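Enquirer:
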């Protein structure tokens, strides 16, 4: 019989006895819950995980929630009711799944939090993600190096934009970058003309490109309409970076174009890396993360030791969640062919 795998993302510790009970179970069902199909990366995550689970003989119930929390809760409830025995969940909001995941715990269903840590519930067994703090540090250090902040006098004008305030990863992306950049702000080498520097001030609901563009158009009209030079933009991901790029195309009049960071190497953004309107993006190969989650699911089902490489960093409010962290890679014009095309992630004709 073909196994059915239910993939959701979750982050709490599950009793070893429950794993043991599953080891001899037949016809396991596994569910995959992704937040939305509006962003390219979640389509790739879901497709990669489904394909790799199916290669191992599982049947995959892959669900997308359209960035609606109530829909995601309903999908998870259905997976539990249908007897799915492992849940892999990429949450929309990290604090919104406690009640439904309590049902999973009552039914001894292990939960793997996928890329986004699920907060304040002890129903999360494991967490699989990229090193998101390192993502932020990589973006921050890229700006330090590109502006030569350790040697140049400055000051340089910086603006910042990050993602949805309900996404726990924002704490790591923005926090990692600011841990690098804050000292230069304190020293006056970096100046933020808009004055918007806190996580809440620079957040973008749903990581939406149009929301990022609208906010940045306001920043430009209020602070750069007189031709003031914008030197750098810390953008936490590619959808927000794309909003910045769109706003600059219509509302920025200066010969010096800013250095813009990003994350995910989304297909619409790679041409901007090639033409120089986006300086870099942090690549998180979803094939790698999906493969790791498949290994974790397989170990749970077989009652084997689940592979993790971090047991200290990620506390979801109920305790440390055993985690596996994959390593991100900075992509620029210099290495995009090697990282994105030679690896088979994209084909060159997609950028022609």
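In this note's numbering, the protein residues as written are 8 to 359. Don't be surprised by glycine CBs; every beta carbon is placed ideally from N, CA and C. Keep in mind that this is a model prediction, so the values were computed, not measured.
Excluding sequence positions up to five away, which residues of its chain have a Cβ less than 8 Å from the Cβ of residue 151?
Expert: Cβ neighbours of residue 151 beyond the five flanking positions: 157, 187, 188, 191.
Enquirer: Determine the DSSP secondary structure at residue 247, reduced to helix, strand or coil.
Expert: Helix, per DSSP.
Enquirer: Spell out the partners DSSP gives residue 166 in its beta bridges.
Expert: BP columns for residue 166 point to 240.
Enquirer: On the DSSP letters alone, give me the boundaries of the alpha helix (DSSP H) that residue 281 sits inside.
Expert: It spans 277-282 - the alpha helix (DSSP H) in which residue 281 sits, taken as one unbroken run.
Enquirer: By Cβ distance, which residues of its chain are closer than 6 Å to residue 159, with the 5 residues on each side in sequence left out?
Expert: The answer is none, since no qualifying residue turns up.
Enquirer: Any chance the segment 36-56 sits against the segment 89-103, with 3 or more Cβ pairs inside 8 Å?
Expert: Segments in contact, yes.
Enquirer: Thinking just about the alpha-carbon of each residue, which of 103, 45, 47, 116 is nearest to the one in residue 307?
Expert: Considering only alpha carbons, the answer is 116.
Enquirer: Based on DSSP bridge pairs, tell me the residues matched to residue 270.
Expert: Answer is 289.
Enquirer: For the beta strand (DSSP E) that residue 121 lies in, which residues bound it at each end?
Expert: That run of the beta strand (DSSP E) goes 118-121.
Enquirer: With DSSP as the reference, identify every bridge partner of residue 317, one or two as the case may be.
Expert: According to DSSP, residue 317 bridges with 330.
Enquirer: Compare the Cα-Cα distances from residue 320 to each of 138, 278, 242, 221 and report the closest residue.
Expert: Comparing Cα positions, the closest option is 138.
Enquirer: Could you check the C-alpha separation between residue 66 and residue 60 for me, to the nearest Å?
Expert: Computed Cα separation, rounded: 7 Å.
Enquirer: I'd like the list of long-range same chain contacts for residue 173, defined as Cβ closer than 8 Å, with 5 residues on each side in sequence excluded.
Expert: So the list reads 99, 100, 101, 102, 103, once near-sequence residues are dropped.
Enquirer: Could you tell me how far apart the beta carbons of residue 219 and residue 168 are, in whole angstroms, since I believe they sit closer than 8 Å?
Expert: With a Cβ gap of about 6 Å, residue 219 and residue 168 count as contacting.
Enquirer: At a cut of 8 Å, does the segment 296-316 reach the segment 267-282 through at least three beta carbon pairs?
Expert: The segment 296-316, when compared against the segment 267-282, does not touch it at the 8 Å Cβ threshold.
Enquirer: Three Cβ pairs or more, each shorter than 8 Å: is that satisfied between the segment 334-341 and the segment 284-296?
Expert: A contact exists between the segment 334-341 and the segment 284-296.
Enquirer: Going by C-alpha to C-alpha distance, which of 201, 184, 175, 230 sits closest to residue 212?
Expert: Taking only the C-alpha atoms, the option nearest residue 212 is 175.
Enquirer: Using the Cα positions of residue 200 and residue 317, report the straight-line distance between them to the nearest angstrom.
Expert: Roughly 39 Å between the two C-alpha positions.
Enquirer: For residue 73 and residue 341, what's the separation of their Cα atoms in angstroms?
Expert: Using only the alpha carbons, I get a separation of about 36 Å.
Enquirer: Using DSSP with H/G/I as helix, E/B as strand and the rest coil, what is residue 18?
Expert: Confidence at residue 18 is low in this model, with a pLDDT of 35, below 50, so the placement of that residue should be treated as unreliable; the coordinate-derived value is given next. If DSSP states are grouped into helix, strand and coil, residue 18 belongs with coil.
Enquirer: Might you give, ordered along the chain, the residues of its own chain that have their beta carbon closer than 6 Å to the beta carbon of residue 76, omitting 5 neighbours on each side?
Expert: Only 99, 100, 103 meet the Cβ criterion.
Enquirer: So, is residue 312 buried or exposed, given that buried needs 16 or more other C-beta atoms within 10 angstroms?
Expert: Residue 312 should be labelled exposed.
Enquirer: Could you please give the first and the last residue of the uninterrupted beta strand (DSSP E) stretch that includes residue 136?
Expert: First-last of the beta strand (DSSP E) with residue 136: 133-137.
Enquirer: Beta strand (DSSP E) containing residue 188: first to last residue?
Expert: Looking at the DSSP string, residue 188 is not in any beta strand (DSSP E); the run it does join, the alpha helix (DSSP H), is 176-193.
Enquirer: Out of curiosity, what's the CA-to-CA distance linking residue 259 and residue 193?
Expert: Residue 259 and residue 193: Cα-Cα distance of roughly 27 Å.
Enquirer: Run the CB neighbour count on residue 106, radius 10 Å, all protein chains shown included, and call it buried at 16 or more, exposed below.
Expert: Burial call: exposed.
Enquirer: DSSP puts residue 96 in a beta bridge; with which residues?
Expert: According to DSSP, residue 96 bridges with 40, 120.
Enquirer: Identify whether residue 217 lies in helix, strand or coil by the three-state DSSP scheme.
Expert: It is helical.
Enquirer: Since residue 261 contacts residue 234 with CB under 8 Å, what's their CB separation in whole angstroms?
Expert: Rounded, the Cβ-Cβ distance is 6 Å, consistent with contact.
Enquirer: To the nearest angstrom, report how far apart residue 366 and residue 119 are at their CA atoms.
Expert: The shown model of the chain, from 8 to 359, leaves out residue 366, and the question about it has no answer.
Enquirer: On a Cα-Cα basis, can you pick out the residue from 354, 35, 131, 349 that is closest to residue 327?
Expert: Taking only the C-alpha atoms, the option nearest residue 327 is 131.
Enquirer: With which residues is residue 199 paired in a DSSP beta bridge?
Expert: According to DSSP, which records beta bridges pairwise, residue 199 is partnered with nothing at all.
Enquirer: I need the straight-line Cα distance from residue 269 to residue 296, nearest angstrom please.
Expert: Cα to Cα, residue 269 sits roughly 19 Å from residue 296.
Enquirer: What's the gap between the Cα of residue 82 and the Cα of residue 244?
Expert: Straight-line Cα distance between these residues: approximately 27 Å.
Enquirer: So the candidates are 71, 196, 356, 228; which of them puts its Cα closest to the Cα of residue 44?
Expert: Here the closest residue by C-alpha is 71.
Enquirer: I need the boundaries of the alpha helix (DSSP H) containing residue 360, first residue and last residue.
Expert: What is shown of the chain runs 8 to 359, which leaves residue 360 out entirely.
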